[in-house]
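Trainee:
See below:
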């Protein structure tokens, strides 16, 4: 054998020997890193096919963020062009590249459920039944997309809050029970804002048959001064009023609201701007009562 | 300590063929060269005769197939043997991104020369090779002659006892050539051993004490230059301003002496080239 | 007469001379300037806003993640490309220009030459990464302050509690400039060191810069998915692939480095803490590979003929 070939064989043998030494070391490191969540999950095969051989090679080279950034820019182009199918495809790829970047899940879902869905519904070229069908399809696509995002990022409260918002939107085939559930999980993560707790209440209050649960939650939230926003006060009033053994309206008003004047103002706004379709039990009566009690100078 | 600066004994170098079943090419076949300290030795031969291979074996750039090479008694394959060697390769480029001074500093530091000693040495060498004005110019802007001279300077940076020069004047203009040759003579006067190879036979003749002629990997002739280019059974008398009558009388005298003949009357000519052709082609006068 | 040179292997001074010469050589190469300009432009592009879909209240930590991801991605791309190409061209260039002869004609052990060359390349990558890290850190700090200010203003206007505000401040801070992120940058450097050393090994076999670059890049790609290959091998041995395929996959995972381990950078970008032990393990693994490849390079180079 020629000297150069002998050298090559020697190098390969040493590499193999070194490989036998280093393999268990690398495997142990991999296990520890995955346990510490320092390594992201490997990409699945389907995604590799989608972004092509070159892209996959680059991605697997650890350059996911660079590819994702470029793809994000192109997705914005799709948004401007209203190319919804292409946009959906791009966001599916983006979240596969960067499953822990919640931004992509959130924005992707928003594009599908809001921008795409509405665009289809307002289309001048499609027949009416088709428009409605596409509207529904894309609203549901957005929600499904977000739910996948939550499965990939179970600890992220922002996605849960977004899901709660999606399910709680009266124009988007609402499911208030699921909305309440999402907000509850967001709040219980311990990292969410107080808003998520209130949002949980607002959704729960709209679930038929769970009014008692909502009332208990409302009372609990009321205990914290920062939660005593107008919507919560009015909702608490409505839930209390709906009870079989409800106290008189005026007693409730005095117990809940800072003043009768504030109560009148808040309840009037609550009733007149109730796009979320929150409970209104006793609200009309209370407004009339409070109006009659107003001094002429206060009217 | 060996008495020889360079001691090459029965050097053989084979280069294996890339094709299976084809015999290896023998570039050097049993070459022996011994150079005493202080001598200037010229190795001459046509292209592909094994000159560069011999030099590279001496420098440890390639391993002999058989035989040995030693520099001042140290095996050429050992790094220690290069403590006392300066080498100028054929058509060197060096690092274009370095200036003249930076180049010398780089090689000086490789030889563990530092600080003020190095700076002094750099300035001295640049003066010696007449490149002081170009010390801060990058080598990318140097002419061929300047590159050869800076090459010579880097070879001298650690004050070696042996200088190995591969085609030191190749591609250099006559003026540059003259400068390099003068430098070699100066170094000889300082006691530095010089081992050079060249195509330019006139120039070898001017500087070398000893010459070896290598052809197809074999040393075909070797010895003191004076002795080599002397034709044994001929004497040369060089006359100046000789009248035609005097020449005629000399011719007459020779004609009357048995066993002696007049070979040539005419202007003096170099004989090394003739000898070279005679040895390599088997002909020539 | 010059001071007698010490001819011990791996003399630090001599290696340093060769490293600094390589460093200077690469810095003074035009291609280096182009690469740095490219990297600078790529990083500075982050001064311009990415597409914003929502109002200021939506300016959040997602934006910071995108910034970090882009910057680190550029750094990684630059360091890998440079580690491969710079190392691949050094030996062939020295041979072609015959500068190698003048260096080896001095009392320079061949291993010093190799280590010096590699050290020069890695030094340049380190300096470049520090420079780019500086730009990224500056950008990130500016953006983080902007996000913090915007979000805090919004939160305060909504009457958030002190506890909630603190939680928000912590969350945003975790996405900003952290030591974990610097650990991620260090992981980028460590990976480039291994890639550079593998390129050096290849260049001792090959005289072609192009061949060395292409094969080094392929090794990098294979090393990046060899963990997947090993997993595939484990899964398919149950499904009953041919023994040849299983053997081939096993050999792959033995011979090639597992570059996926260096992707801890990804989680650093997400704002997750990357502990000292992880970086320490990576440093140890990198050192193993660099030493292994350098030794193998020396085995090949030690009696290479020129």
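Chains as they are written, first to last, in our numbering: chain P, 342 to 640; chain S, 9 to 293; chain V, 37 to 342.
Using N, Cα and C, we set each Cβ at its ideal position, and we do this for glycine too.
Computed from a prediction, not measured in an experiment: that's the story for all the values here.
(1) Check each candidate in 52(V), 134(V), 221(V) and 312(V) and name the one with the smallest Cα separation from residue 342(V).
(2) Is residue 598(P) helix, strand or coil by DSSP?
(3) Hey, would you say residue 40(S) sits closer than 8 Å to residue 79(S), going by beta carbons?
(4) List the residues of chain V whose Cβ lies closer than 7 Å to the Cβ of residue 350(P), in chain order.
(5) Residue 131(V) versus chain S: which residues are under 8 Å apart at the beta carbon?
(6) Could you check where the beta strand (DSSP E) with residue 40(S) kicks off and where it finishes?
(7) Which residues in chain S have a C-beta closer than 7 Å to the C-beta of residue 280(V)? List them in chain order.
(8) Going by C-alpha to C-alpha distance, which of 37(S), 204(S) and 213(S) sits closest to residue 237(S)?
(9) Quick one: list the residues of chain P neighbouring residue 211(V), beta-carbon separation under 7 Å, in chain order.
(10) Assuming residue 108(V) and residue 224(V) are in contact, meaning their beta carbons sit under 8 Å apart, how far apart are those beta carbons, in whole angstroms?
(11) Quick check on residue 112(V) - is its C-beta less than 8 Å from some C-beta in chain P?
(12) Whole angstroms is fine: what's the gap from residue 584(P)'s alpha carbon to residue 599(P)'s?
(13) Beta-carbon separation of residue 32(S) and residue 58(S) under 8 Å?
(14) By the 10 Å Cβ neighbour count, where 16 or more other Cβ atoms means buried, how is residue 261(S) classified, buried or exposed?
(15) Looking at C-alpha atoms only, which residue of 474(P), 617(P) and 443(P) is the closest neighbour of residue 462(P)?
(16) From the DSSP output, in three-state form, read off residue 286(V) for me.
(17) Residues of chain V with a CB under 8 Å from the CB of residue 88(S): which are they?
(18) Closer than 7 Å by beta-carbon distance: list the chain V residues that pair up with residue 291(P), in chain order.
(19) Buried or exposed, going by whether 16 or more other CB atoms sit within 10 Å of the CB of residue 100(S)?
(20) With a floor of 4 residues, list each alpha helix (DSSP H) that falls wholly inside the region 59-115 of chain S, ordered by position along the chain.
(21) Does residue 18(S) pass the burial test, meaning 16 or more other C-beta atoms within 10 Å, or should it be called exposed?
(22) Between residue 142(S) and residue 128(S), what straight-line distance do the alpha-carbon atoms span, to the nearest angstrom?
(23) Determine, using beta carbons only, whether residue 207(S) comes closer than 8 Å to chain V.
(24) Does the count of Cβ pairs from the region 155-170 of chain S and the region 115-134 of chain S closer than 8 Å reach three?
(25) Any chance the region 105-119 of chain V sits against the region 51-65 of chain S, with 3 or more Cβ pairs inside 8 Å?
(26) Can you find a CB in chain V that lies within less than 8 Å of the CB of residue 485(P)?
(27) Given a limit of 9 Å on CB to CB distance, which residues of the region 433-449 of chain P reach chain V?
(28) Among all the DSSP beta bridges, which residues are the ones paired with residue 563(P)?
(29) Return the CA-CA distance between residue 347(P) and residue 407(P), expressed in angstroms with no decimal places.
(30) Quick check on DSSP: helix, strand or coil for residue 294(S)?
(31) Out of 489(P), 491(P) and 524(P), which has the shortest C-alpha to C-alpha gap to residue 506(P)?
(32) Near residue 288(P), what residues of its chain come up, given a Cβ to Cβ distance below 7 Å and the 5 sequence neighbours on each side ignored?
(33) Which two residues bound the contiguous beta strand (DSSP E) that contains residue 302(V)?
(34) Leaving aside the five residues before and after residue 353(P) along the sequence, list all residues of the same chain whose C-beta is less than 6 Å from its C-beta, in chain order.
(35) Taking CB distances under 8 Å as the criterion, tell me whether residue 324(V) reaches chain P.
(36) Residue 94(V) by DSSP, collapsed to three states: which one?
Mentor: Here's the rundown:
(1) 134(V)
(2) coil
(3) no
(4) Neighbours of residue 350(P) on chain V: none; closest Cβ ~12 Å, over 7 Å.
(5) In chain order: nothing, as chain S lies at least about 11 Å away.
(6) 33-43
(7) Chain S residues near residue 280(V): none, gap ~28 Å exceeds 7 Å.
(8) 213(S)
(9) Under the 7 Å cutoff, chain P gives no residues; its nearest Cβ is about 11 Å from residue 211(V).
(10) 7 Å
(11) yes
(12) 22 Å
(13) It is not a contact, given that the beta carbons lie outside the stated cut-off.
(14) exposed
(15) 474(P)
(16) In the structure shown, residue 286(V) sits in a helix (DSSP, three-state: H, G or I).
(17) Simply 43 and 143.
(18) An answer regarding residue 291(P) cannot be provided, because it is not within the stretch 342 to 640 covered by chain P.
(19) buried
(20) As far as the region 59-115 of chain S is concerned, its whole alpha helix (DSSP H) runs of at least 4 residues are 59-66.
(21) exposed
(22) 16 Å
(23) no
(24) Enough Cβ pairs lie closer than 8 Å, so yes.
(25) no
(26) Between residue 485(P) and chain V, the shortest Cβ-Cβ separation is not below 8 Å.
(27) 439, 441, 442, 443, 444, 445, 447 and 448
(28) Per DSSP, none; premise fails for residue 563(P).
(29) Residue 347(P) and residue 407(P) have their C-alpha atoms spaced approximately 42 Å apart.
(30) As displayed, chain S neither begins before 9 nor continues past 293, which places residue 294(S) out of reach and without an answer.
(31) 524(P)
(32) Since the first residue of chain P shown is 342 and the last is 640, residue 288(P) is not available in this structure.
(33) Here residue 302(V) belongs to no beta strand (DSSP E); instead the alpha helix (DSSP H) covers 300-305.
(34) none
(35) yes
(36) Its pLDDT being 49, under 50, residue 94(V) is placed unreliably by the model, and nothing is read from it.
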